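Colleague: Read in the working numbering, the sequence shown has 264 at position 33, and its numbers run on one by one without any break.
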Amino acid sequence: MHQIFRNILKYHIAIFISLFAVTCAAQNTLDGRAVTIPEAEADRQSAFVAAESERLLGHYDKAIELFKKFTYDNPDNAAAWYNMSRAYFAQNDLGNALDAVAKAVALDSENEWYRIFQADIYEKNGRVADAIGIYESLSKQFPQTLEFLDHLAYLQVLSGDPQAGLRTIDKIEKTYGIKEETSMEKHLIYVGMGEDKKAASELEKLANAYPARLEFRHRLAQFYETIGDGDNARKVYEDILKIDPNDKVARLAAVQKGKNSSDADYIASLKPLFADPKISIDAKVKEVLPYFPKLDAGADAALTENLLELAQAMEIAHSSDPKAWSLSGDLFYHANRLSEALERYQKCIALNPTVFSVWDNTLDILHAQKRWDDMLRIAEQAMDAFPNQPGGYYYYGLAAIEKGKYDDAIAQLEQALLMTGNNPVMKIDVTDLIGRALSGKKNYAAATARYEALLDKGGDKSPDFLEHYGDALFKKGEQGKAVEFWQKAYAIRKSPALEQKISSGKL
Numbered sequence: 232m233h234q235i236f237r238n239i240l241k242y243h244i245a246i247f248i249s250l251f252a253v254t255c256a257a258q259n260t261l262d263g264r265a266v267t268i269p270e271a272e273a274d275r276q277s278a279f280v281a282a283e284s285e286r287l288l289g290h291y292d293k294a295i296e297l298f299k300k301f302t303y304d305n306p307d308n309a310a311a312w313y314n315m316s317r318a319y320f321a322q323n324d325l326g327n328a329l330d331a332v333a334k335a336v337a338l339d340s341e342n343e344w345y346r347i348f349q350a351d352i353y354e355k356n357g358r359v360a361d362a363i364g365i366y367e368s369l370s371k372q373f374p375q376t377l378e379f380l381d382h383l384a385y386l387q388v389l390s391g392d393p394q395a396g397l398r399t400i401d402k403i404e405k406t407y408g409i410k411e412e413t414s415m416e417k418h419l420i421y422v423g424m425g426e427d428k429k430a431a432s433e434l435e436k437l438a439n440a441y442p443a444r445l446e447f448r449h450r451l452a453q454f455y456e457t458i459g460d461g462d463n464a465r466k467v468y469e470d471i472l473k474i475d476p477n478d479k480v481a482r483l484a485a486v487q488k489g490k491n492s493s494d495a496d497y498i499a500s501l502k503p504l505f506a507d508p509k510i511s512i513d514a515k516v517k518e519v520l521p522y523f524p525k526l527d528a529g530a531d532a533a534l535t536e537n538l539l540e541l542a543q544a545m546e547i548a549h550s551s552d553p554k555a556w557s558l559s560g561d562l563f564y565h566a567n568r569l570s571e572a573l574e575r576y577q578k579c580i581a582l583n584p585t586v587f588s589v590w591d592n593t594l595d596i597l598h599a600q601k602r603w604d605d606m607l608r609i610a611e612q613a614m615d616a617f618p619n620q621p622g623g624y625y626y627y628g629l630a631a632i633e634k635g636k637y638d639d640a641i642a643q644l645e646q647a648l649l650m651t652g653n654n655p656v657m658k659i660d661v662t663d664l665i666g667r668a669l670s671g672k673k674n675y676a677a678a679t680a681r682y683e684a685l686l687d688k689g690g691d692k693s694p695d696f697l698e699h700y701g702d703a704l705f706k707k708g709e710q711g712k713a714v715e716f717w718q719k720a721y722a723i724r725k726s727p728a729l730e731q732k733i734s735s736g737k738l
């Protein structure tokens, strides 16, 4: 459609130049004879150029005023009505724009540019059915103009009639053959309709039409993977290997897990491929992602060790790629090998410091290891690198509390609180830390007030929040109420520390 509008612009610039040339002189020559343009005609052309000049300069109010006067004197001038419509459209006055362009179309119904513009106003105004009618007419009048059929298909899908859109794209394919653009359009329409088999069929037809372009077969395999059809995905990768036995992504994806082999054996079989630097990181990520839940659930030692060996093979194969260190760090992190994960995250940050999740995991590890000085330093760097991420401020506040720097903690936590508008869990966690910092300053009244403000907004579901509120109440001298909230925390999450507080009635 962009080409259509470039053509429109060229067309009207040409009109403007030609009219301007005429009005520059009221006298011309024809066969060597001087021909004088009537003064009224010269004035008319000059008035049109003046109005159009204002429109081109972006002075739409002035242009509309001049076009109104011009069309009053020249009501049969289609170009004037059209350009007045464009001025209204630029001001988002769609009602007057439609009225004006309708007059232009009525005066010159064969001008496709007027009709295109009318359809665009209809589309923007939500009158998609009217826009479809115009493009149906244009596509019949100009059957070889691909853009008309293409936009007609788009409008038909937009109107909620995807079948009509598919039929229109079929017409394009009958004329131009199978092309990437039309195949992808049909594929996406079928995806939107929930017809995965037909969506896959369009990708398969595209791949068969261009057998040398293996990216189309990769696209088909990836779609099968997306919909969970691993068998068909593997078949496509095997087809790719028949064409190119050295295709690295297909080699990795086509590896099959034997019926009697374990997860650990399968992962071990991937090590030579993970050690190959020619196979992309993204393909390797795809292979190990399904195993993260198993690591979290406590995978058997053999599987864990083999996954970590894959990570180390990747580090060697892609030593300068931050993705390799990030993925390796994630594997060690989920295997609860925190010190080794930390080393890898730090290498990732050195190579690419723009991924907050890596900083977040780094700070989480430092928290688990109670490395408060390092946590303060890294959190400060995270705040500088990601000033709009509350996580950095949260960890800084947490470390500052542990170091007894309560004022520093409160200052940064108040900043974090401003960023938690759409994250109620983070708001509760940050408020909990502010309460702890205020308690550290022995301002127990302010601390309990902070807790009480969020008790009925999710705070009563957080065991940490409830426990620390109880702590503040105890320090404030409200022992009975403190025990009540310790008990509420204990009901959500049992711990020896809470049990001791409840049984003794004190901190």
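Yeah, the Cβ is synthetic: ideal placement off N, Cα and C, and Gly gets one too. All figures in this text were calculated on a predicted structure; none of them were measured in a lab.
#1: Answer yes or no: the CB of residue 441 versus the heavy atoms of the ligand MN, is any distance below 8 Å?
#2: Excluding five sequence neighbours on each side, which residues of the same chain lie with their C-beta closer than 8 Å to the C-beta of residue 442?
#3: Looking only at C-alpha atoms, which of 526, 381, 408, 595 sits nearest to residue 395?
#4: Quick check on this structure: which residue in 622, 691, 707, 420 has the alpha carbon closest to the alpha carbon of residue 590?
#5: Please tell me whether residue 368 and residue 399 are closer than 9 Å, where the distance is taken between their beta carbons.
#6: Identify which residue in 697, 692, 688 has its Cα closest to the Cα of residue 678.
#7: When the Cα atoms are used, what is the spatial distance from residue 253 to residue 291?
#8: Taking 9 Å as the threshold (C-beta atoms), are residue 643 and residue 628 in contact?
#9: For residue 624, name the three-state secondary structure that DSSP assigns.
#10: Assign residue 358 to one of three DSSP states: helix, strand, or coil.
#11: What would DSSP say about residue 325, mapped onto helix, strand or coil?
#12: For residue 694 versus residue 665, is the C-beta distance shorter than 9 Å?
#13: Are the beta-carbon atoms belonging to residue 386 and residue 366 less than 9 Å from one another?
#14: Under the assumption that residue 348 contacts residue 313 (Cβ atoms under 8 Å), give the Cβ distance between them as a whole number of angstroms.
#15: Do the segment 334-343 and the segment 351-363 touch if we need at least three Cβ pairs shorter than 8 Å?
#16: Distance, Cα to Cα, residue 578 vs residue 559?
#17: By the three-class DSSP mapping on this structure, what secondary structure does residue 518 have?
#18: Measure the C-alpha to C-alpha separation of residue 512 and residue 707 and round it to an integer number of angstroms.
#19: Cα separation between residue 413 and residue 457?
#20: Beta carbon of residue 675, beta carbon of residue 690: below 9 Å?
#21: Does the structure place the segment 491-501 close enough to the segment 454-471 that three or more beta carbon pairs sit under 8 Å?
#22: Does the Cβ of residue 428 have 16 or more other Cβ atoms within 10 Å, making it buried, or fewer, making it exposed?
#23: According to DSSP, simplified to helix, strand and coil, what is residue 341?
#24: Identify which residue in 692, 710, 301 has its Cα closest to the Cα of residue 721.
#25: Taking only the alpha-carbon atoms, compute the straight-line gap between residue 411 and residue 610 and give it to the nearest angstrom.
#26: Where does residue 576 land, buried or exposed, given buried means 16+ other C-beta within 10 angstroms?
#27: Given a cut-off of 9 Å on the beta-carbon distance, is the pair residue 519 and residue 504 in contact?
#28: By DSSP, does residue 384 sit in helix, in strand, or in coil?
#29: How is residue 413 classed by DSSP in three states: helix, strand or coil?
#30: From residue 662 to residue 545, what does the alpha carbon distance come to, in whole angstroms?
#31: From the DSSP output, in three-state form, read off residue 566 for me.
#32: Is the Cβ-Cβ distance between residue 566 and residue 535 less than 9 Å?
#33: Taking the alpha-carbon positions, what's the residue 256 to residue 275 distance?
#34: In three-state terms, what does DSSP make of residue 721?
#35: Taking residue 670 as the reference, which of 540, 561, 705 has the closest Cα?
#36: Given this structure, state the Cα-to-Cα distance separating residue 528 from residue 522, to the nearest angstrom.
Modeller: The answer reads as follows:
#1: Here there are no bound small molecules, and the ligand MN is not part of this structure.
#2: 474
#3: 381
#4: 622
#5: no
#6: 697
#7: With a pLDDT of 41 at residue 253, under the threshold of 50, the modelled position of this residue cannot be trusted; read the value that follows with caution. Going by the C-alpha atoms only, they are around 24 Å apart.
#8: yes
#9: helix
#10: coil
#11: helix
#12: no
#13: yes
#14: 7 Å
#15: no
#16: 11 Å
#17: helix
#18: 56 Å
#19: 21 Å
#20: no
#21: no
#22: exposed
#23: coil
#24: 692
#25: 48 Å
#26: buried
#27: no
#28: helix
#29: helix
#30: 41 Å
#31: coil
#32: yes
#33: In this prediction, residue 256 scores a pLDDT of 40, lower than 50, which makes its location untrustworthy; the coordinate-derived value is nonetheless stated afterwards. Looking at the two C-alpha atoms, the distance is approximately 13 Å.
#34: helix
#35: 705
#36: 10 Å
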